[in-house]
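I have placed the structure first, in the form of structure tokens, so that the comments after it can refer back to it.
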Amino acid sequence: MNARLESMIASAKDAWTAAQNNGRVKINVTVDTSSIAQGADATLGALREAVRANNLAADVQVTGSWGFCWMEPCVAVRSAAGTRTVLYANVTEDRVPEFLQRVVVDGGDMPELALGVVEGNPTAEIPLLADHQFMKGQVRRLMANLGTTDPGNVDHYFAHDGYAGFGMALEMDAEAIIKEMLDSGLGGRGGGGFPTGRKWDFLRNATADPRYIICNADEGDPGAWVNRILMEGDPHLIIEGMLIAALAAHSTEGYIYLRYEYPLAIERMQHAVDQAYERGLLGKDILGTGKDFDLFVFKGAGSYVCGEETGLINSIDSYRGMPRIKPPFPAQAGLWNKPTNVNNVESYANAPLIIRNGAQWWSSVSDQKEKGTKMFTFSGQVNWPGCIEIPFGPKVRDVLDQYAGGMRDGRKCKGFQPGGPLSGMLNAADLDLTLTLDPYREKGMFLGSGGIVFFDETACIVDMCNFFLAFCEDESCGRCTTCHGGTQRAVEVIRRIQNGGGRETDVNIFEQLVTTLVWSNCLHGQFAPTAIKTSLKAFRDEWMEHIVDKRCRAGVCPGLIRYVVRSQGDPDLPKAEDICPTRAIYQDDGQYAVDDALCIRCGACKEVAPNGMEVVDAIVQVVPAGAAAAG
Amino acid sequence: MAAAPSLQELRELVAEFQPNRGHVLPALHKVQEKYGYVSREAIEVIARQLNTTPALIFGSVSFYADIRTHPPAETEIAWCSGPACRLLGGDRIREAMQHTLELPLGGSSEDHRYGIHLGQCNGTCSEAPQVWVNGRVIGKLTVADAILLAREIKEGSRE
Numbered sequence: 001m002n003a004r005l006e007s008m009i010a011s012a013k014d015a016w017t018a019a020q021n022n023g024r025v026k027i028n029v030t031v032d033t034s035s036i037a038q039g040a041d042a043t044l045g046a047l048r049e050a051v052r053a054n055n056l057a058a059d060v061q062v063t064g065s066w067g068f069c070w071m072e073p074c075v076a077v078r079s080a081a082g083t084r085t086v087l088y089a090n091v092t093e094d095r096v097p098e099f100l101q102r103v104v105v106d107g108g109d110m111p112e113l114a115l116g117v118v119e120g121n122p123t124a125e126i127p128l129l130a131d132h133q134f135m136k137g138q139v140r141r142l143m144a145n146l147g148t149t150d151p152g153n154v155d156h157y158f159a160h161d162g163y164a165g166f167g168m169a170l171e172m173d174a175e176a177i178i179k180e181m182l183d184s185g186l187g188g189r190g191g192g193g194f195p196t197g198r199k200w201d202f203l204r205n206a207t208a209d210p211r212y213i214i215c216n217a218d219e220g221d222p223g224a225w226v227n228r229i230l231m232e233g234d235p236h237l238i239i240e241g242m243l244i245a246a247l248a249a250h251s252t253e254g255y256i257y258l259r260y261e262y263p264l265a266i267e268r269m270q271h272a273v274d275q276a277y278e279r280g281l282l283g284k285d286i287l288g289t290g291k292d293f294d295l296f297v298f299k300g301a302g303s304y305v306c307g308e309e310t311g312l313i314n315s316i317d318s319y320r321g322m323p324r325i326k327p328p329f330p331a332q333a334g335l336w337n338k339p340t341n342v343n344n345v346e347s348y349a350n351a352p353l354i355i356r357n358g359a360q361w362w363s364s365v366s367d368q369k370e371k372g373t374k375m376f377t378f379s380g381q382v383n384w385p386g387c388i389e390i391p392f393g394p395k396v397r398d399v400l401d402q403y404a405g406g407m408r409d410g411r412k413c414k415g416f417q418p419g420g421p422l423s424g425m426l427n428a429a430d431l432d433l434t435l436t437l438d439p440y441r442e443k444g445m446f447l448g449s450g451g452i453v454f455f456d457e458t459a460c461i462v463d464m465c466n467f468f469l470a471f472c473e474d475e476s477c478g479r480c481t482t483c484h485g486g487t488q489r490a491v492e493v494i495r496r497i498q499n500g501g502g503r504e505t506d507v508n509i510f511e512q513l514v515t516t517l518v519w520s521n522c523l524h525g526q527f528a529p530t531a532i533k534t535s536l537k538a539f540r541d542e543w544m545e546h547i548v549d550k551r552c553r554a555g556v557c558p559g560l561i562r563y564v565v566r567s568q569g570d571p572d573l574p575k576a577e578d579i580c581p582t583r584a585i586y587q588d589d590g591q592y593a594v595d596d597a598l599c600i601r602c603g604a605c606k607e608v609a610p611n612g613m614e615v616v617d618a619i620v621q622v623v624p625a626g627a628a629a630a631g
Numbered sequence: 632m633a634a635a636p637s638l639q640e641l642r643e644l645v646a647e648f649q650p651n652r653g654h655v656l657p658a659l660h661k662v663q664e665k666y667g668y669v670s671r672e673a674i675e676v677i678a679r680q681l682n683t684t685p686a687l688i689f690g691s692v693s694f695y696a697d698i699r700t701h702p703p704a705e706t707e708i709a710w711c712s713g714p715a716c717r718l719l720g721g722d723r724i725r726e727a728m729q730h731t732l733e734l735p736l737g738g739s740s741e742d743h744r745y746g747i748h749l750g751q752c753n754g755t756c757s758e759a760p761q762v763w764v765n766g767r768v769i770g771k772l773t774v775a776d777a778i779l780l781a782r783e784i785k786e787g788s789r790e
């Protein structure tokens, strides 16, 4: 291996081992966007201050996410002797004094906050973390350093074989790197599943220079945050993957296009890039090898279609981020019309693992056509909105029960949506589908980049379609009439249905939208109507109830429900009157009443007076069929 | 709020940027980070610096949701539009807050004290439904919580 790299890795390993054996307690605090939202920055500050003030023999360190995103702040504590590590959850700022006293000063455990024993022996009260329902069956390769290393410290990454894959790739020729990538079977993790090695080979075979390597970190699917977890937790893994791609495709310049909604990921990626420059891993004459590679973190500005590779390229290129018409493909004419390769964060992050351990090792974890592990995040009406890494293949039902902790309040799962707003909605019968690519392709949708949203019976399918289509309308770049006009039309019709104006002919309008949006230039338009298309199949009864019977079974659609006073004697009614934002609730002769014209169906009154108020079906005058055919 | 910048200040701020190097968004971000928004004057200065037209710069300004052409309000509420929030009452929270504040989404009060705009999901879905007040998460909201929060912000009784 390159001598300079080898010595950096060796000295980082020595330093890591020395630090682990310095006789001080290690307190690792998960600090990422999810945990900060739950007060991790305050916990970190309180821990540091208390350790300093009490002169405790402990080192407090920032680390990435364990995936327990719903019970942050998570704190792992390793004993002074280094023989035992316990992971704790919900270590909020107010719990810090007691936590430190019991866990550090007294050297004991705090079982009521413990998730499990990471290393060492379990006790009667604290089982092994590996036996935790959420951890069992997970294979953490991409997430291996999360919870252990400081994402801001390149030496921590070195100490865990960081950049060793790049070191090995430096001694391989480009064909050999690509062969290893192809042998691994790694498919693009953004959702397409196209073999990453083949994409790199396209760029390698390009005839023009310079050629560009781009990381698509514009994770725009609402409900997906797998890329954020990686970038905030182990940013050097992505840089190493891009360096390997650069070697394989003879590229000298790269960009990480990162959405502005992730300021902490931007900060940590930029810091990691700066460190890589300082250590001679980026820039001119990398590690004395004569190879050059410059890498820039490029901050997005709020546009979903910039997650489409040519929209992203146009955005860096200083144009509006409108997807281009293909061909030419980016490998022929991409950034500044030069050959360009765009991969997802998770795709690049797998490359170091493949080169370090070999394609055979990497692919052996999965018995499916899709090789390797995949990260997923769960959200919606589930108990555990967290992040996991598993081999492809389990059934959605099992993943929901085991890793997402089932549905909230013991409710039943009504359906789910994989793959973001462009994918579709499936009903509970499809919970038997596996987490692989084909079942969704067969339904004209896709598994996507890793976010899965689950919903229960309180969700209204028509309202969810309103949400997805309004998102698609808002984010349409405007190039294709089918898309910007079609999504606008879809939203109009859905809202009319929600307001009690549904017509049976609306199904024909949807049919026309579904069949014409596919002509749009890019995936955004082509897949914008998928939510309508799939839900008209999976939830047809609910759609027809809205359209024909003017009824919303979930009690969500504003024109199909009314709020009324149920019980005049309810003592909470004054609170309802007070909270109403439109003064729709009033008293007349001592009797409470709702002015339906003012009511905006926000439901605040029912929250504060659950026994006094109720939701009933609105009485909507049904227009006879055929009376109004046109939209 | 910073006073309106002079042309000289703006020119110095963007002097590092060059034509044909993908510097439009970095320049817009730099101006917005300093002044909170991108003014007409700034668009013209950036265009000159990058040897292009204000029309092209404005094309980007109008394309991206994050680039503002007016100063933000002192207290900006970003309402999370994500699916987890939506499923847990997010859209009713939006309706109620907008009516309480008497503002459209993307609007701010005449005195620029408070405003509300659409925010995109950042994956802190455990806190759903949520809003961000000047970037700080206020989560697990009921509609009633959101109305009280909006009233406090409107009345100025909240820091």
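Sequences listed follow chains C and P, in order. Take the first sequence: its letter number 627 is residue 627 in our numbering, and every next letter is one higher. Going from the second sequence to our numbering is simple: count from 1 and add 631. We put the CB at the ideal spot given by N, CA and C, even for glycine.
- Task: Look up C/Thr375 in the DSSP assignment and give the residues it is bridged to.
- Result: As a working note, residue 375 of chain C is residue 375 in the first sequence. Just to set this straight, residue 375 of chain C is Met in the shown sequence, not Thr. Answer is C/Glu389.
- Classify C/Pro328 as buried or exposed, calling it buried when 16 or more other Cβ atoms lie within 10 Å of its own Cβ. Counting from 1 along the first sequence, the entry for residue 328 of chain C is found at position 328. Per the 10 Å Cβ criterion, exposed.
Does DSSP classify C/Lys606 as helix, strand or coil? Position 606 of the first sequence, counted from the start, is the residue given in the question as residue 606 of chain C. Three-state DSSP puts C/Lys606 in a helix.
* Asked: Quick one: is C/Asp131 near chain P, going by C-beta distance under 8 Å?
  -> As a first step, residue 131 of chain C must be located in the first sequence, where it is residue number 131. Chain P contact via Cβ: absent.
TODO: Please list the residues of the segment 742 to 758 of chain P that have a C-beta atom closer than 9 Å to any C-beta atom in chain C, keeping them in chain order.
DONE: Leu749, Gly750, Gln751, Cys752, Asn753, Gly754, Thr755, Cys756, Ser757 and Glu758
| said: Quick check: is any heavy atom of the ligand ATP less than 7 Å from the C-beta of C/Lys371? | reply: Ligands are entirely absent from the displayed structure, and the ligand ATP is therefore not among its contents.
- Near C/Gly307, what residues of its chain come up, given a Cβ to Cβ distance below 7 Å and the 5 sequence neighbours on each side ignored? Position 307 of the first sequence, counting from 1, holds the residue named residue 307 of chain C. Cβ within range, chain order: Asn216, Asp218 and Gly220.
Applying the 10 Å Cβ sphere with the 16-neighbour rule, what's the burial state of P/Asp722? Position 91 of the second sequence, counted from the start, is the residue given in the question as residue 722 of chain P. So P/Asp722 counts as buried.
Q: Would you mind working out which of C/Gly559, C/Ile561, C/Leu598 and C/Leu560 sits nearest C/Glu577, comparing C-alpha positions?
A: For the purposes of this step, residue 577 of chain C is identified with residue 577 of the first sequence, where counting begins at 1. If we check each option's Cα against that of C/Glu577, C/Leu598 comes out closest.
What does DSSP give as the partner residues of P/Val764 in its beta bridges?
-> In the second sequence, residue 764 of chain P corresponds to position 133, counting from 1. According to DSSP, which records beta bridges pairwise, P/Val764 is partnered with P/Ile708 and P/Arg767.
Can you list, in chain order, the residues of the segment 466 to 478 of chain C whose Cβ is nearer than 7 Å to any Cβ on chain P? Phe467
inquiry  = Check for me: the alpha helix (DSSP H) holding C/Val382 runs from which residue to which?
reply    = One-based indexing of the first sequence puts residue 382 of chain C at position 382. Counting along the chain, C/Val382 falls outside any alpha helix (DSSP H), and DSSP gives it neither H nor E.
- Per DSSP, C/Lys299 is paired with what? As a working note, residue 299 of chain C is residue 299 in the first sequence. DSSP, once it has assigned bridges, lists C/Leu258 as partnering C/Lys299.
Checklist entry - Residues of chain P with a CB under 9 Å from the CB of C/Lys284: which are they? => result To locate residue 284 of chain C, count along the first sequence from 1; it is residue 284. The contacting residues do not exist; C/Lys284 stays about 18 Å from chain P at best.
Per DSSP, C/Pro195 is paired with what?
Working through the first sequence from its first residue, we reach residue 195 of chain C at position 195. The partner list for C/Pro195 (beta bridge, DSSP) reads C/Gly187.
Exercise. Whose C-beta lies closer than 6 Å to the C-beta of C/Ala630 among residues of the same chain, with five residues either side of it excluded?
Worked result: What you label residue 630 of chain C is simply residue 630 of the first sequence in a count that begins at 1. Residue placement at C/Ala630 cannot be trusted, given a pLDDT of 45 that sits under 50; what the coordinates show is reported in the next sentence. Here the set comprises nothing.
- C/Cys215 bridges to which residues according to DSSP? The residue given as residue 215 of chain C occupies position 215 in the first sequence. In DSSP, C/Cys215 forms a bridge with C/Ile256 and C/Asn343.
**Message:** Within the continuous alpha helix (DSSP H) that includes C/Pro97, where are the two ends?
**Reply:** Along the first sequence, one-based indexing puts residue 97 of chain C at 97. Run containing C/Pro97: Val96 to Leu100, per the alpha helix (DSSP H) assignment.
Compare the C-alpha of C/Leu513 against each of C/Gly486, C/Glu492, C/Ile494 and C/Arg495 and name the closest.
Residue numbering aside, residue 513 of chain C sits at position 513 when the first sequence is read from its first letter. The shortest Cα separation from C/Leu513 among C/Gly486, C/Glu492, C/Ile494 and C/Arg495 belongs to C/Gly486.
Notebook entry, point to check: What does C/Glu223 touch in chain P if you count any residue whose Cβ is under 7 Å from its own?
Noted result: Taking the first residue of the first sequence as 1, we reach residue 223 of chain C at position 223. A quick correction: the sequence has Gly, not Glu, at residue 223 of chain C. Neighbours of C/Gly223 on chain P, chain order: Gly713, Pro714, Ala715, Cys752 and Cys756.
Out of C/Gly67, C/Met613, C/Arg140 and C/Asn21, state which residue places its alpha-carbon closest to the alpha-carbon of C/Arg84.
On the first sequence, position 84 is the one that residue 84 of chain C refers to. Nearest of C/Gly67, C/Met613, C/Arg140 and C/Asn21 to C/Arg84, Cα basis: C/Asn21.
>> Within the continuous beta strand (DSSP E) that includes C/Arg78, where are the two ends?
In response: Here the question's residue 78 of chain C lines up with position 78 in the first sequence. Here the beta strand (DSSP E) through C/Arg78 covers Val75 to Arg78.
Endpoints, the beta strand (DSSP E) within which C/Asp474 is located: Here residue 474 of chain C corresponds to residue number 474 of the first sequence, with the count starting at 1. Taken as a continuous stretch (DSSP letters only), C/Asp474 belongs to no beta strand (DSSP E), being part of the alpha helix (DSSP H) at Ile461 to Glu475.
- [ ] Throw me the rounded Cβ distance for the C/Gly450 and C/Pro222 pair, which I believe falls under 8 Å.
- [x] The residue labelled residue 450 of chain C in the question sits at position 450 within the first sequence. The residue labelled residue 222 of chain C in the question sits at position 222 within the first sequence. Wrong, their Cβ atoms sit about 13 Å apart, outside the cutoff.
Exercise. What do you get for P/Met632, buried or exposed, if any count of 16 or more other CB atoms within 10 angstroms of its CB means buried?
Worked result: If you number the second sequence from 1, residue 632 of chain P lands on position 1. Any answer about P/Met632 is weak, because its pLDDT of 49 lies below 50 and its placement is not dependable; what the coordinates show is given next. Its Cβ having fewer than 16 others within 10 Å, P/Met632 is exposed.
C/Arg228 and P/Gly754 - do their beta-carbons sit closer together than 8 Å? Residue mapping note: residue 754 of chain P aligns to position 123 of the second sequence, counting from 1. Residue mapping note: residue 228 of chain C aligns to position 228 of the first sequence, counting from 1. In this structure, C/Arg228 lies closer than 8 Å to P/Gly754 by Cβ.
When you compare the CB positions of C/Val154 and C/His236, do they come within less than 8 Å of one another, or not?
Here residue 154 of chain C refers to the residue found at position 154 when the first sequence is read from its first residue. Here residue 236 of chain C refers to the residue found at position 236 when the first sequence is read from its first residue. Result yes, Cβ atoms of C/Val154 and C/His236 sit closer than 8 Å.
- request: Tell me, please, whether the segment 332 to 343 of chain C touches the segment 725 to 737 of chain P by the rule of three or more beta-carbon pairs shorter than 8 Å.
  value: no
* Does C/Ile600 come within less than 8 Å of chain D when only Cβ atoms are used? -> In the displayed structure, chain D is absent; the protein chains listed are C and P.
If distances are taken between C-alpha atoms only, which option among P/Asn682, P/Pro636 and P/Ser740 comes closest to P/Val655?
As a position in the second sequence, residue 655 of chain P is number 24, starting the count at 1. For the residues P/Asn682, P/Pro636 and P/Ser740, the minimum Cα distance to P/Val655 belongs to P/Asn682.
C/Gly372 to C/Gln275, Cα distance in whole Å?
-> Counting from 1 along the first sequence, the entry for residue 372 of chain C is found at position 372. Counting from 1 along the first sequence, the entry for residue 275 of chain C is found at position 275. Roughly 29 Å separates the two Cα atoms.
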